[in-house]
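Residue numbers (the working numbering), protein chains in the order written: chain A, -4 to 577; chain B, -4 to 577.
In what follows, a structure is listed as structure tokens, so that the remarks can point back to it.
Protein chains: 2
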Amino acid sequence: MRRLQTYLPILQWARSYDRAAFSDDAIAAVIVTIMLIPQSLAYALLAGMPPEAGLYASIVPIILYAVFGTSRALAVGPVAVVSLMTAAALGQVAQQGTAGYAAAALTLAALSGAILVALGLLRLGFLANFLSHPVIAGFIAASGLLIAVSQLPHILGIRGGGDTLFEMLHGLATHLPETNPITLVIGVSVTGFLFWTRRGLKPLLRRLGLGPRAADIAAKAGPVAAVLVSTLAVRVLGLDARGVAVVGDVPQSLPPLTFPDLSPALLGQLFLPALLISVIGFVESISVAQTLAAKKRERVSPDQELIGLGAANLGAAFTGGFPVTGGFSRSVVNFDAGARTPAAGAFTALGLAIAALALTPAIHFLPKATLAATIIVAVLSLVDLSILRRAWTYSKADFLAVAATILVTLGFGVERGVSSGVAVSILLYLLRTSRPHIAEVGRIPGSEHFRNIHRHSVETDPGIVSLRVDESLYFANARYLETYVLDRVAGDPDVRHVILQCSAVNEIDMSALESLEAINTRLAESGTRLHLSEVKGPVMDRLKRAHFLDALTGQVFLSQHEAVAALAPSSARPPRPVPAAV
Amino acid sequence: MRRLQTYLPILQWARSYDRAAFSDDAIAAVIVTIMLIPQSLAYALLAGMPPEAGLYASIVPIILYAVFGTSRALAVGPVAVVSLMTAAALGQVAQQGTAGYAAAALTLAALSGAILVALGLLRLGFLANFLSHPVIAGFIAASGLLIAVSQLPHILGIRGGGDTLFEMLHGLATHLPETNPITLVIGVSVTGFLFWTRRGLKPLLRRLGLGPRAADIAAKAGPVAAVLVSTLAVRVLGLDARGVAVVGDVPQSLPPLTFPDLSPALLGQLFLPALLISVIGFVESISVAQTLAAKKRERVSPDQELIGLGAANLGAAFTGGFPVTGGFSRSVVNFDAGARTPAAGAFTALGLAIAALALTPAIHFLPKATLAATIIVAVLSLVDLSILRRAWTYSKADFLAVAATILVTLGFGVERGVSSGVAVSILLYLLRTSRPHIAEVGRIPGSEHFRNIHRHSVETDPGIVSLRVDESLYFANARYLETYVLDRVAGDPDVRHVILQCSAVNEIDMSALESLEAINTRLAESGTRLHLSEVKGPVMDRLKRAHFLDALTGQVFLSQHEAVAALAPSSARPPRPVPAAV
Chain A
-4 MRRLQTYLPI LQWARSYDRA AFSDDAIAAV IVTIMLIPQS LAYALLAGMP
46 PEAGLYASIV PIILYAVFGT SRALAVGPVA VVSLMTAAAL GQVAQQGTAG
96 YAAAALTLAA LSGAILVALG LLRLGFLANF LSHPVIAGFI AASGLLIAVS
146 QLPHILGIRG GGDTLFEMLH GLATHLPETN PITLVIGVSV TGFLFWTRRG
196 LKPLLRRLGL GPRAADIAAK AGPVAAVLVS TLAVRVLGLD ARGVAVVGDV
246 PQSLPPLTFP DLSPALLGQL FLPALLISVI GFVESISVAQ TLAAKKRERV
296 SPDQELIGLG AANLGAAFTG GFPVTGGFSR SVVNFDAGAR TPAAGAFTAL
346 GLAIAALALT PAIHFLPKAT LAATIIVAVL SLVDLSILRR AWTYSKADFL
396 AVAATILVTL GFGVERGVSS GVAVSILLYL LRTSRPHIAE VGRIPGSEHF
446 RNIHRHSVET DPGIVSLRVD ESLYFANARY LETYVLDRVA GDPDVRHVIL
496 QCSAVNEIDM SALESLEAIN TRLAESGTRL HLSEVKGPVM DRLKRAHFLD
546 ALTGQVFLSQ HEAVAALAPS SARPPRPVPA AV
Chain B
-4 MRRLQTYLPI LQWARSYDRA AFSDDAIAAV IVTIMLIPQS LAYALLAGMP
46 PEAGLYASIV PIILYAVFGT SRALAVGPVA VVSLMTAAAL GQVAQQGTAG
96 YAAAALTLAA LSGAILVALG LLRLGFLANF LSHPVIAGFI AASGLLIAVS
146 QLPHILGIRG GGDTLFEMLH GLATHLPETN PITLVIGVSV TGFLFWTRRG
196 LKPLLRRLGL GPRAADIAAK AGPVAAVLVS TLAVRVLGLD ARGVAVVGDV
246 PQSLPPLTFP DLSPALLGQL FLPALLISVI GFVESISVAQ TLAAKKRERV
296 SPDQELIGLG AANLGAAFTG GFPVTGGFSR SVVNFDAGAR TPAAGAFTAL
346 GLAIAALALT PAIHFLPKAT LAATIIVAVL SLVDLSILRR AWTYSKADFL
396 AVAATILVTL GFGVERGVSS GVAVSILLYL LRTSRPHIAE VGRIPGSEHF
446 RNIHRHSVET DPGIVSLRVD ESLYFANARY LETYVLDRVA GDPDVRHVIL
496 QCSAVNEIDM SALESLEAIN TRLAESGTRL HLSEVKGPVM DRLKRAHFLD
546 ALTGQVFLSQ HEAVAALAPS SARPPRPVPA AV
């Protein structure tokens, strides 16, 4: 039973579901539904899909997430970055607006769902950790910029396209003379209005006496007002006949049952994009879910979240949708509106189903420029390039990873952007650990402490070299240690003993073991003995198992002090002065 | 001047060159020359090149290495593994035996030389460290097996080919009925003879009263004897007319001046193979050079070695050769024969040049089976699969990396083999560090020591959770820490303080900083404060620079003991019994 509850979290909360929870959930659902209608249509536009696909992608996926997901507030559906990545992936296999494009979207959602479920069942959620925070921040910022630019053609009423900033700007410059002035007026007014509802409306409502929560929610309804007013304007003034692009006929229907094309060729082409979409979607979703859960001292299980999101994507694949994930803005609204359980999501799905059945005829005259404005205003809040400055201040390695992510995303598209970010950050980490800090140490007079001879005035013995290694030893730094020790000794014919102080060595892998063996052998060839001191228990176990200690020319000492005392009982060199320039 | 000496090591040793050194070097050169003649011809055969290319690849490259290299004993020329990789690389762009094949070999050598010089000038020699010892061992063993199997067709007198074990065995099985019995007799006898000279001849010579060094060198001359006898046999008995494949006409000439084809298409196709050949060749060479240098307390400079090997390969490219590196067996012979300076190499080059001019007509009747036998006996000593057992005993991660390298090398060829080994070992290292050990600690009664609550009987306070993190914090484990801390606190409503003991944290990257900020914020949302203790100096500097300490809800304490004393002055929980099963 407990095992079943792990995989079906609904069994945990559904049993204690009562009238109070129902009431809270229902209110939250109404608010989220109103917000989701324009957002779903807009992200469908961004993904290059027909508008109804945005609604469909918000209905069954929400319900499936409610059954399998662990977050009580997460709202699942189309989100900006994943929609952009969807457009980039599908653009490689089909032309926007064709049947093949929408079909490929189903395949992409199915693949993404399967990947997420597989990662969840294999408990591989931690793989997403290799996307570092700065890389994610850079990627989201660059994607936001790309998304905003990708919507400018809709605001201008011209053709657009392209996966990179250069392609997009080139398209804009080419088609600029074809700008439709009426579309431009609609686009600019709606954009201005939406910015104002974000910045100016809430304080205004507060001054008019509204409570803070009500003012907040009213301000979030801005997009709905913009949709209503601009649709009415087009309808009444007949602007669609004067070149204003509108959403057009939308089928009045519940989500259809669809079957994704699972031909091996298409799966092969879409696998890598699906993997990236899954990982990025998961990272975005889990961040939101954890933030909201922590506020109520609840937990989300990352591996179960993968299964929940995977189920949602499989749902999207079979009901005419496209890839979905847990969205930031909708989840926060859901949480703020008081949602207590995933049932709020199910009620939202109900609301959207009603919208898909009843409201779709009203959408016909909705201008695409309005949707584009909704997207631009939403994503510009994501474009926070201050990550560059913060990374520069904090660490140059992090800065390089962010800069690579942003530049490659803008210059070569989203898929290569996120891959480059991961590659650069892993590479820099490996480089850092491949050159560990090694300090030559000596005894601080009158103590048992050993410190860096370049920083402290210490006693050393001409026949003994003591080296402290400040990193676990593994293949990438094993040869560095080998070269370091042998070079140190090669230049000094007096040396008879080398002591490696291993207090900071948590692990010695097989390469490092072989390097130690090589050091031992080569030192022996020149008449020098190798000793170890302060070796940790588990490391010592391994060294014993590998019979290294049998071959060791010297001894293993419990402490560095014991080692030096045993090897040079009387001949300590007087304290050296600290060198002037270090 | 010193800078010039760094790049031209010859300036260091040439000035003190005297008659004694000359005499030692000349004797070593004679011995190495005799050994190199059959070896060069054999490795040319392995690389799919005409036999004279093996001689050419041992002349100018040796001289250039003597000028630019830092090892005094390293002997440069064609070696087994690099020759096999050369054959695999060239097989992808041309057919063995065609003019295009030999031309591509020049391009490959030129590319490899350019890559090595570039790595040396950029001081990137340490990149080779990412090839772990077990991966190299596995790769060499698997390559040795592949090489041995690749020579069986020559022993049998049938056609062969293929880059993977399966392809080779398939070819053997297909052509087995075409076996030439006389070739087989030659091949098997020479192989048996060579094994005997390795195992049985040396003890025999010692019993006959020869000194150990002389016996060793005489035993090494086995291949020369085999070449002489089998060539004579073919000549006298006219076996070439009865189907025994012989080396055939070899031009009687010094190395020709050749110009590699540098067309972008060919460079593009050969770049990755050239990179792998360069890295593998460098690793093999530097291991030998360091081993020999250490015996005399000399040093080799890895970056200058790259330049020396690069110059040698460029030399091979312009004199009708193919990729070369420092070989293990020839270098050891050179060293044991008493070579004192790189001049020994130059004299060897002179010897081989004389051989190329004078001895080539005599090579006509040399059976290919004899060369194949030479190769098989040489490489079988490389096939040491005990690395699998040793890795299994020592560490499962190392075992996985070795096993992947061996299986992929045998099953998919040398290039994929070595790439897989590197990828697997990096991946496993990242996985290990991505789940750091985090211990919940409590105070050992009557002391200031804090230890793992699951291993020791310690005092804890119900309002305080103390966690010790045993790894530097970076992106791959940042979210793990976040989840760990938040999960720990989510289940325990009593907790008011979380203390992170940072004694083992050498670095906190930006992702980890953001995770700490998230932990701080989320704990604050549930009324819990975050404290740090025992933070190292450099880490503290960074935290200050990032203004993390301003936001921190708790304090930073010098020691864990101070922290607990300040936060829970009186309410210590009595010692808990150690749990039975841990």
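Quick reminder that beta carbons are idealized off the backbone N, C-alpha and C, glycines included.
Across the structure, A/GLY305 and A/LEU101 are spaced so that their CA atoms are roughly 13 Å apart.
Neighbours of A/ARG294 in chain B, taken as residues whose beta carbon is under 7 Å from its own, are ASP482 and ALA485 in chain order. Counting every other CB atom within 10 Å of its CB across the protein chains shown gives A/SER506 a total of 16 or more, marking it as buried. At a cut-off of 8 Å, the C-beta of A/THR388 has a neighbouring C-beta in chain B.
At a C-beta separation below 9 Å, A/HIS451 has no neighbours in chain B, since its nearest C-beta there lies roughly 14 Å away.
The shortest C-alpha to C-alpha distance from A/SER296 to any of A/ALA9, A/ALA23 and A/SER66 is the one to A/SER66. Against B/PRO176, chain A offers no close residue; the least beta-carbon distance is about 46 Å (beta-carbon pairs closer than 8 Å).
Chain-order list of chain A residues neighbouring B/THR478: GLN285 and PRO297, by C-beta distance under 8 Å. Residue contact with chain B for A/SER127: present (Cβ-Cβ distance below 8 Å to some residue of chain B). Around the CB of B/LYS215, 16 or more other CB atoms lie within 10 Å, so the residue is classed as buried. Rounded to whole angstroms, the gap between the alpha carbons of A/ARG430 and B/LEU352 is 49 Å.
Using a Cβ-Cβ cut-off of 8 Å, B/MET505 is close to SER127, HIS128, PRO129, ARG385, ALA386, TYR389, SER390 and ASP393 of chain A, given in chain order. The Cβ atoms of A/SER415 and A/VAL403 sit closer than 8 Å to each other.
Restricting attention to A/ILE181, A/PHE254 and A/GLN247, the CA atom closest to the CA of A/ALA228 is found in A/ILE181. Considering only A/SER35, A/LEU3, A/GLN7 and A/PRO4, the residue with the shortest C-alpha distance to A/PRO318 is A/SER35. Flagged as an interface residue toward chain B: A/LEU508, by a C-beta distance shorter than 8 Å. Following the DSSP letters along the chain, one finds B/PHE134 inside the alpha helix (DSSP H) bounded by residues 128 to 151. It is roughly 11 Å from the alpha-carbon of B/VAL222 to the alpha-carbon of B/MET30. Put simply, of B/LEU59, B/GLN87, B/ALA269 and B/HIS149 the residue whose alpha carbon is nearest the alpha carbon of B/THR369 is B/HIS149. Contact between A/ARG463 and A/ALA434 is confirmed by a C-beta separation of about 5 Å, below the 8 Å threshold.
In this structure, B/ASP211 is the residue among B/ASP211, B/ILE358, B/VAL183 and B/GLY206 with its C-alpha nearest to the C-alpha of B/LEU196. Burial check for A/ILE349: the Cβ neighbour count within 10 Å stays below 16, so the residue is exposed.
The closest CA to that of B/ASN329, considering only B/ALA21, B/TYR2 and B/TRP8, is found on B/ALA21. Taking C-beta atoms as the reference points, A/GLN555 and A/ILE494 count as a pair closer than 8 Å. According to DSSP, residue pairing for B/ALA434 in a beta bridge involves B/ARG463. Taking every protein chain shown into account, the CB of B/THR93 has fewer than 16 other CB atoms within 10 angstroms, so this residue is exposed. For B/PHE323, the enclosing alpha helix (DSSP H) covers residues 323 to 331. Boundaries for A/VAL319: no alpha helix (DSSP H) harbours it, and the DSSP string shows neither H nor E there. Distance check between A/LEU249 and each of A/VAL460, A/THR548 and A/ALA52 places A/ALA52 closest, using alpha-carbon atoms only. The Cβ atoms of B/VAL76 and B/ILE275 lie closer than 8 Å to each other.
Counting the other CB atoms within 10 Å of its CB gives B/PRO172 a total below 16, which places it among the exposed residues.
Inside the segment 320 to 405 of chain A, DSSP marks whole alpha helix (DSSP H) runs of 4 or more residues at positions 323 to 331, 338 to 353, 355 to 358, 363 to 375 and 381 to 389, from first to last along the chain. For A/SER420 against A/ALA396, the beta-carbon gap comes to about 4 Å, under 8 Å, which counts as contact.
Distance from the CA atom of B/ALA98 to the CA atom of B/ALA260, rounded to whole angstroms, is 14 Å. In the three-state reduction of the DSSP assignment, A/LEU309 falls in the helix class, which pools H, G and I. Among the residues facing chain B, A/ILE22 is not included, as its CB has no counterpart in that chain under 8 Å away.
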